[in-house]
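Asker: My questions all concern the structure below.
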Amino acid sequence: MKKAVVVGASSGMGRALAGILAREGWAVGLAARRTRELETIAAELPHGAAVQGMDISDTGSVTEALQSLIRALGGMDLIVIAAGVDHFNPDPRAPLDPAAAQRVVDVNVSGFRAVADEAYTFFAQQGFGHICGISSIAGLRGSAAHPAYSASKAFVSNYLESLRLKAVKSGLDIAVTDIRPGNVETPMSAGQPGRFWIASTQRAAEQIYAAIIRKKRTAYVTRRWAVIAALLRALPFSLLKKL
Ligand SMILES: NC(=O)c1ccc[n+]([C@@H]2O[C@H](COP(=O)([O-])OP(=O)(O)OC[C@H]3O[C@@H](n4cnc5c(N)ncnc54)[C@H](OP(=O)(O)O)[C@@H]3O)[C@@H](O)[C@H]2O)c1
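Read the sequence shown against our numbering and you will find it ends at 249, with the numbers running on by one and no gaps.
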């Protein structure tokens, strides 16, 4: 039985993906802050799941928490880092909110880095493994509505590519997958205005699972967001400011 850890499994895409992994025969380890939620989810999975409370913004605690989960699971072949937070304000004239921006950086940048590093070190010692992180279409360009979030997702994509390069150059069999969702209906995105092509959580999780199985380097979720990604990359600032 292959073993997968999902960090950020208490809600949204991480939760749905944990369900798919379990139904596809993986042994699953669930991590997030809300352990009661995780226990409920574990009880609903076909073979149960190992559960670990983890606050990735407390980077000093990540090593122990992840190692404890890996021990409970009896190993780790795959880690999915789905944990993330957003701070969204559609009013471009609103003042910046430094405390909220810092919370985003603490989770999406520092926390992500801590988990990814710990997983990479574990897989490097083991000789193989697969790291899957969830960045976003939002990481491709700047955003007036959520500057810290947008920049944090650029960090995630770049960091994943860096780890992939490090693994390849070291001759290590560590796959790295960067999932770039567009709009997905989850608690994080609920109520955000101006969204389109909104995928259900389940559909998004199914496409993430397919990308993991194929060991894709980058996957847009849903797939048609690859078109938006190409347009966004090519867009000059003079047009970006009109969006
Ligand atoms: N929804 C979208 O449209 C969309 C689009 C692009 C990218 N994404 C990205 O997709 C990922 C999943 O988001 P989602 O939409 O499924 O949101 P969600 O339902 O809000 O789930 C976020 C998950 O992150 C966990 N989390 C938050 N802070 C954490 C912390 N400090 N330590 C550990 N876990 C933490 C939450 O668990 P606890 O609260 O229990 O800790 C929860 O399980 C995120 O990285 C998000 O940025 C989402």
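The beta carbon of each residue, even a glycine, is placed where N, CA and C say it ideally should be.
Model, not experiment: these values are computed from the prediction.
Would Gly35 and Val11 qualify as a contact pair, given that the criterion is a beta-carbon distance under 7 Å?
Answerer: It is a contact, given that the beta carbons lie within the stated cut-off.
Asker: Is it a yes or a no for the stretch 46-56 touching the stretch 114-121, going by three-plus beta-carbon pairs under 8 Å?
Answerer: The stretch 46-56 is not in contact with the stretch 114-121.
Asker: Going by C-alpha to C-alpha distance, which of Lys159, Gln131, Gly148 sits closest to Gly139?
Answerer: The residue with the shortest Cα to Cα distance from Gly139 is Lys159.
Asker: Where does the unbroken beta strand (DSSP E) through Phe134 begin, and where does it stop?
Answerer: Note, Phe134: beta strand (DSSP E), 134-140.
Asker: May I have the straight-line CA-CA distance separating Arg223 from Asn189, to the nearest angstrom?
Answerer: If you take the alpha carbons of Arg223 and Asn189, they lie about 20 Å apart.
Asker: Any heavy atom of ligand 1 inside 6 Å of the beta-carbon of Pro187?
Answerer: Pro187: yes, Cβ under 6 Å from ligand 1.
Asker: Using beta-carbon positions only, say whether His152 and Phe94 come within less than 7 Å of one another.
Answerer: Yes, they are a contact pair.
Asker: Given a threshold of 16 other Cβ atoms within 10 Å of its Cβ, counted over all protein chains shown, does Gly14 qualify as buried or as exposed?
Answerer: It is buried - the Cβ of Gly14 has at least 16 other Cβ atoms within 10 Å.
Asker: Can you grab the Cα-Cα spacing for the pair Leu84 / Ala196, in whole Å?
Answerer: Cα to Cα, the separation comes out at about 29 Å.
Asker: Whole angstroms is fine: what's the gap from Asp64's alpha carbon to Leu178's?
Answerer: Each residue's Cα considered, the two are about 29 Å apart.
Asker: Within 10 Å of its beta-carbon, does Asp92 have 16 or more other beta-carbons around it, so buried, or fewer, so exposed?
Answerer: Classification of Asp92: buried, given that the 10 Å Cβ count is 16 or more.
Asker: At what residues does the beta strand (DSSP E) containing Gln58 begin and finish?
Answerer: From DSSP, the beta strand (DSSP E) with Gln58 extends over 56-59.
Asker: Taking 6 Å as the cut-off, does the CB of Gly145 come closer than this to any heavy atom belonging to ligand 1?
Answerer: Incorrect: Gly145 has no Cβ contact closer than 6 Å to ligand 1.
Asker: Is Ile143 near Arg186, with beta carbons less than 7 Å apart?
Answerer: Result yes, Cβ atoms of Ile143 and Arg186 sit closer than 7 Å.
Asker: Going by beta carbon distance, what residues of the same chain come within less than 8 Å of Tyr165, once the five residues before and after it are set aside?
Answerer: Excluding residues within five positions, the ones whose Cβ falls inside 8 Å are Phe118, Arg119, Ala122, Gly139.
Asker: Ligand 1 heavy atoms versus the CB of Ser63: any closer than 6 Å?
Answerer: It does: the Cβ of Ser63 is within 6 Å (strictly closer) of some heavy atom of ligand 1.
Asker: Flag this pair as yes or no: are the beta carbons of Arg82 and Lys9 separated by less than 7 Å?
Answerer: With the sequence shown as reference, residue 82 is identified as Met, and Arg is not the correct amino acid for it. In contact: Met82 and Lys9 (Cβ atoms closer than 7 Å).
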